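Numbering (full-length UniProt numbering), first residue to last: 1 to 247.
Glycine included, C-beta positions come from ideal geometry on N, C-alpha and C.
Because the structure is a prediction, the values reported are computed rather than measured.
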């Protein structure tokens, strides 16, 4: 990524997660002021310990829950602290318990858990953060590739990702020409510290920093097809691609 993010403030919800941390590292390296948002002070402090000297950007920690039901209160809190910002990145969600059985075996309780943790959480994050972004800014919601393929290992992860992808694309159309650009960025498998700590890793997977590079291109409208709401980053070789809504 060649984009210069100096002078830009970016809210990053879910910064303490593996993908969020890598994205934060990349944005800092390119000069952004990154407001790392999370619910856990200890995890935020750990993030600062690991990333405090990264690049020429500025890391700001802020503890709040962007998935809280009262989105307007979250918006007011963040606006009071940071005003209007240049961009927002949403990197939240839960894999829940993996359901390898039939879709027909999923319980109501597991369904409710996954809808709350992914679909509702993503919706509330959009509702809280989008009003804070300048009309010429951008919002990037990170989505899993399970949104687009059969996903028998965790069908509710796929279903909730697909629902959120649709919501993001619809919001992008609704705000076109009047509000910030809204993107869904569909990701392949990402290498994270959590996966590596249990021996799960593959050098062919994406890194969090590569995700951050792609996010930076979208934030600055430097990516090809930046007028399209849906982009893909499936592997390092293919890189960032766009699917036209007109094709």
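Beta-bridge pairing by DSSP links residue 138 to 87 and 181. Residue burial annotation: residue 166 is exposed, with fewer than 16 other C-beta atoms found within 10 angstroms of its C-beta. In this structure, residue 95 and residue 154 form a Cβ contact; the two beta carbons are roughly 6 Å apart against a cut-off of 8 Å.
With fewer than 16 other Cβ atoms from the protein chains shown falling within 10 Å of its own Cβ, residue 84 counts as exposed. Going by DSSP, residue 63 is part of the beta strand (DSSP E) stretching over 58 to 63. With respect to the 9 Å criterion, residue 175 and residue 130 are classified as neighbours on the basis of their beta carbons. Taking one beta carbon from each stretch, the segment 58 to 72 and the segment 26 to 38 have 3 or more pairs nearer than 8 Å; the two touch. Counting C-beta atoms within 10 angstroms of its own C-beta, residue 136 has fewer than 16 neighbours from the protein chains shown and is therefore classed as exposed.
When only Cα atoms are considered, residue 219 and residue 5 end up about 9 Å apart. Rounded to whole angstroms, the Cβ separation of residue 46 and residue 29 is 19 Å, and the two are not in contact under 8 Å.
The beta carbons of residue 75 and residue 51 sit no closer together than 9 Å. Taking C-beta atoms as the reference points, residue 10 and residue 90 fail to come closer than 9 Å. By the Cβ neighbour-count rule, residue 193 is exposed, with fewer than 16 other Cβ atoms within 10 Å of its own. Sixteen is the threshold: when 16 or more other Cβ atoms of the shown chains lie within 10 Å of the Cβ of residue 213, as they do, the residue is buried. Contact between residue 206 and residue 236 holds, since their C-beta atoms are separated by about 6 Å, short of 8 Å.
The alpha-carbon separation between residue 157 and residue 49 amounts to approximately 31 Å. Taken through DSSP and simplified to helix, strand or coil, residue 30 comes out as coil. Rounded to the nearest whole angstrom, the CA to CA distance from residue 179 to residue 169 is 14 Å. The C-beta separation of residue 15 from residue 21 comes to about 7 Å, placing the pair in contact by the 8 Å criterion.
In summary, residue 150 is exposed, with fewer than 16 beta-carbon neighbours lying within 10 Å of its beta-carbon over all protein chains present.
Counting along the chain, the unbroken beta strand (DSSP E) around residue 9 starts and ends at 9 to 13. Rounded to whole angstroms, the separation of the alpha carbons of residue 126 and residue 177 is 18 Å.
If you ignore the 5 residues before and after residue 93, its C-beta comes within less than 6 Å of the C-beta of 118, all in its own chain and listed in chain order. In the structure shown, residue 5 falls within a coil segment according to DSSP collapsed to helix, strand and coil. With a cutoff of 9 Å on beta-carbon distance, residue 229 and residue 181 are scored as near each other.
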